[in-house]
Amino acid sequence: MSIKLILKRATIEDFDYVEKIFKNAIELMDSNGINQWDNIYPNKEILKEDILKGEMFLGVSNNVIACAFVLNGNYDEEYNNGNWKYRNESFRIVHRLCVNPNFQNQGIGTQSMMLIEKMLRKDGIESIRLDAFSLNPFALRLYEKIGYVRVGEANWRKGLFYLYEKKI
């Protein structure tokens, strides 16, 4: 039986569990040699601010948080390196998509992105932008499989990230 997600905006009451999911995901990524996140980014202050700004969303299944992500229009200046195809269209950026390790390898990332696209289309948004760590084969495969196109590169503290875009 496949897992059915419902998206909801995170509240401060979700913070402790969200922080635990990120901590567990970071440990799992580290054990797989994927060193994209740490205790500097994303730290608890960043996660709490995401929630307080109303920009963090959760994918919930049977009252358990299966994933978390941030959705907004904010981007780092490194995004200026992107050869964005849809420059004149409305867009949102997906940041910090994190699947609860207890739900990994069950299609949660794909389902989350499909739900995000549906939600944004309903709001009149025309494209999605995001970045993915170049040494995270799981993330790269996910985004490319569902139609995101690599449009550039960004360099941050942890190394090279690829910039992606999709018209929705």
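Numbering (full-length UniProt numbering), first residue to last: 1 to 168.
We treat Cβ as the ideally placed atom computed from N, Cα and C, and that holds for glycine.
All figures in this text were calculated on a predicted structure; none of them were measured in a lab.
Sheet register partners of K166 (DSSP bridge): Among the bridge pairs identified by DSSP, K166 is matched with I128.
Among the candidates Y75, K20, A25, D14, whose CA atom is the shortest distance from the CA of L58? Considering only alpha carbons, the answer is D14.
For L160, list the residues DSSP reports as bridge partners. Note: L160 sits in a beta bridge opposite N155.
So, for S112: in the same chain, excluding its five sequence neighbours on each side, which residues have a beta-carbon less than 7 Å away from its beta-carbon? Closer than 7 Å at the Cβ level, and outside the excluded window around S112, lie L5, G59, C67, F69, L97.
Per DSSP, which residues does A68 bridge with? Please list them. L58, C98.
Quick check on M56: buried or exposed, where buried means 16 or more other Cβ atoms within 10 Å of its Cβ? Answer is buried; the Cβ neighbour count reaches 16.
Relative to the C-alpha of K166, which candidate in A154, F103, R87, E45 has its C-alpha closest? If we check each option's Cα against that of K166, R87 comes out closest.
Going by Cα to Cα distance, which pick from G107, N43, N102 is closest to Y143? Checking every option, the nearest Cα to that of Y143 belongs to G107.
Can you list, in chain order, the residues of its chain whose CB lies under 8 Å from that of N114, leaving out five sequence neighbours each side? Before going further, note that residue 114 is Met rather than Asn in the sequence given. So the list reads I146, once near-sequence residues are dropped.
Using beta-carbon positions only, say whether N81 and G152 come within less than 8 Å of one another. In terms of Cβ geometry, N81 and G152 form a close pair [threshold 8 Å].
Could you tell me which residues DSSP pairs with K8 in its beta bridges? Looking at the DSSP assignment, K8 forms a beta bridge with L58.
Proximity winner among K44, Y41, D76, Q36, relative to A132 (alpha-carbon distances): The option with the nearest alpha carbon to A132 is Q36.
For K118, the first and last residue of its enclosing alpha helix (DSSP H): For K118, the uninterrupted alpha helix (DSSP H) run begins and ends at 108-122, by DSSP.
For the alpha helix (DSSP H) holding L140, just list the boundary residues, first then last. Note, L140: alpha helix (DSSP H), 137-145.
Alpha-carbon to alpha-carbon, A25 and P101: Annotation: P101 to A25 spans about 6 Å, alpha carbon to alpha carbon.
Relative to the C-alpha of D38, which residue among R157, F103, E78, I12 is closest? Taking the Cα of D38 as reference, the smallest distance to any Cα among R157, F103, E78, I12 is reached at R157.
For L140 versus I128, is the C-beta distance shorter than 8 Å? For the pair L140 and I128, the CB atoms are not nearer than the 8 Å cut-off.
For K118 and I34, what's the separation of their Cα atoms in angstroms? The alpha-carbon atoms of K118 and I34 are separated by roughly 30 Å.
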